[in-house]
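Residue numbers (this note's numbering): 93 to 481.
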C-alpha cells in the first residue's frame, strides 16, 4: 500500500466497506435469459449494498473499491454516492473494466434462477495492498469485508489477510462469510473463509452456508464451536430468524458494549505514516462464550431474496453502532432485510429510524405476529407523518 503521511489525513467515518460492486441488469419480465428482450440497469455488490443501507440509516460510510475508467464505472460511483456514501477513495483502473452481471427474476435459491457474471479480470479484482490507501481503509470505527472479495484474485485475498491481521489500532472488523462456491476453484474457499472468519471481530454466516462450506450440521451452537474466536458471531437461519453469540467480557473489539460513547460524536481525522497494514500473523485466543440470543424474523411476503443478507448485516451493524442490546440489533437486521426482501432490486432503502425504533420496541407477541409486504417501509413512513404531534 502506498505510504501516507500527516498531510494525507482522512476523515474518520462510522463504517468503511471494501469490495467489488457491479452494474446489474434486471429482466424486464420473467423468463430465461435467452428469452428476456430487455433489462433495467441497477447496481449490485455485497459491500456497497451494506454501505448504502447504513448511509440511508444515518451513519457516515465510505466505500473503498476499484472500477474501470468506463461508463459503467461512472454509473456505479455516482449511484453509490447518491445514497450519501463517501466514494472519494474508489480507484479508477485505466485498463480493466467494471464488472457487470445479468440475472433472471427468480430467486437465486431455485434451480430456475440464472445469473451470468462478467467480472473476470475486472478492475476490482486488481485490488491489493499496493492499490488501496491504508489510511482510507483504517479511518473508521467498523471495517466491513466479505468472503466474496477474497475469491476475486490472489491479490484481493492478500489484501483481506492484511486487513484482518492483528494490528494496533485496527478498527472493529466485520466479516460476512458470503460463501459463493462458483467463485472458488474446488474447495479452495473452505479453509480461506474459515481463516478470515477466525481473525474477525464480528462474523455473519448463514446456517445453510456453514453446512455447505464446512459441513456443520448442528445448528448455531455447532457453528459457534467451529468459530469461538470472533467476539460476536451471527448465525442467520433463513425465515426462522437469527442467533447472535456475543462475548460478555474480554476481546479487543468490545462488540458487546460498542460503541456507546461514540454515538453522535463528530468524525475526526486519521493519518498514518505506515505504508502497509501488515501485522504479525496469528489468531486471537478463544474466549469464554455465553449462550446465544435467538430472535425470530417477522413474516415477510418475499418479492426477491437477492441482497437480503447484506441488508441484514447493515441492520445489525447499525444497531451495533448505536450501542443497542443484542436482541434489538437482531431485530434491526430482520427489518433491514425485510425492506430488501419486499423489493425486486438488490438494494432497497431501509425503513426510517422512527419506524425501526417503534417496531423493535414491540413486545414478543406483537413482534411474533408482525407481517411485512411490498411497500411496507413507505406505508409506515406515511403513517408516522400523519400522526398528530
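For glycine and all other residues, C-beta sits at the position ideal for the given N, C-alpha and C.
In terms of residue numbering, what span does the alpha helix (DSSP H) encompassing residue i cover?
| i | result |
| --- | --- |
| residue 421 | 418-433 |
| residue 299 | 299-306 |
Can you look up residue i in the DSSP assignment and give me helix, strand or coil?
| i | result |
| --- | --- |
| residue 276 | coil |
| residue 284 | helix |
| residue 184 | strand |
| residue 262 | coil |
| residue 320 | coil |
| residue 411 | helix |
| residue 391 | strand |
| residue 238 | strand |
| residue 190 | coil |
| residue 336 | strand |
| residue 174 | helix |
| residue 315 | helix |
| residue 257 | coil |
| residue 268 | strand |
| residue 93 | Confidence at residue 93 is low in this model, with a pLDDT of 48, below 50, so its placement is unreliable and no value can be given for it. |
| residue 325 | strand |
| residue 208 | strand |
| residue 294 | strand |
| residue 309 | coil |
| residue 156 | strand |
| residue 462 | coil |
| residue 385 | strand |
Using CA atoms only, rank isn't needed, just tell me which of the options is closest to residue i.
| i | options | result |
| --- | --- | --- |
| residue 439 | 395, 411 and 455 | 395 |
| residue 263 | 389, 293 and 124 | 293 |
| residue 187 | 167, 218 and 205 | 218 |
| residue 296 | 281, 282, 319 and 278 | 319 |
| residue 227 | 390, 463 and 108 | 108 |
| residue 212 | 192, 291 and 206 | 192 |
| residue 133 | 246, 142 and 436 | 436 |
| residue 267 | 285, 140, 278 and 419 | 285 |
| residue 289 | 269, 277, 298 and 280 | 269 |
| residue 244 | 405, 300 and 112 | 112 |
| residue 159 | 180, 215 and 136 | 215 |
| residue 156 | 180, 138 and 144 | 180 |
| residue 234 | 298, 189 and 265 | 265 |
| residue 231 | 261, 251, 256 and 237 | 261 |
| residue 210 | 221, 223, 222 and 195 | 195 |
| residue 420 | 429, 453 and 393 | 453 |
| residue 323 | 416, 189, 291 and 400 | 291 |
| residue 182 | 223, 175 and 208 | 223 |
| residue 312 | 299, 251, 305 and 106 | 299 |
| residue 462 | 137, 390 and 169 | 390 |
| residue 251 | 225, 275 and 273 | 225 |
| residue 136 | 467, 326, 240 and 325 | 240 |
| residue 401 | 207, 139 and 117 | 139 |
| residue 272 | 247, 255, 301 and 257 | 301 |
| residue 466 | 448, 393, 446 and 451 | 393 |
| residue 175 | 143, 410, 162 and 325 | 143 |
| residue 256 | 321, 280 and 276 | 321 |
| residue 388 | 460, 339, 417 and 173 | 460 |
| residue 248 | 259, 325 and 275 | 275 |
| residue 172 | 153, 430, 185 and 162 | 153 |
| residue 446 | 470, 434 and 412 | 470 |
Taking the beta strand (DSSP E) that residue i falls in, what are its first and last residues?
| i | result |
| --- | --- |
| residue 179 | From DSSP, residue 179 is part of no beta strand (DSSP E); its letter is neither H nor E. |
Determine, for residue i, whether the minimum Cβ-Cβ distance to residues of chain E falls below 7 Å.
| i | result |
| --- | --- |
| residue 132 | Included in the structure is just one protein chain, with no chain E present. |
Practice task
Go through the stretch 211-235 residue by residue and report every complete run of the alpha helix (DSSP H) that reaches 4 residues or more, in order.
Solution key: The qualifying runs are 226-230.
Practice task
Write down every uninterrupted run of the beta strand (DSSP E) in the stretch 100-152 whose length is 3 residues or greater and which is fully enclosed by it, in chain order.
Solution key: 105-110, 114-119 and 131-136
Problem - Segments assigned alpha helix (DSSP H), at least 4 residues, entirely inside the stretch 436-460 - result: Those alpha helix (DSSP H) runs which fall completely within the stretch 436-460 and span 4+ residues are 445-452 and 456-460.
Exercise for the section: Decide yes or no for the touch test of the stretch 117-137 against the stretch 145-153: beta carbon pairs closer than 8 Å, at least 3 of them. Expected result: no
Problem - Touch test, the stretch 423-434 against the stretch 322-336, Cβ-Cβ under 8 Å, three pairs minimum - result: yes
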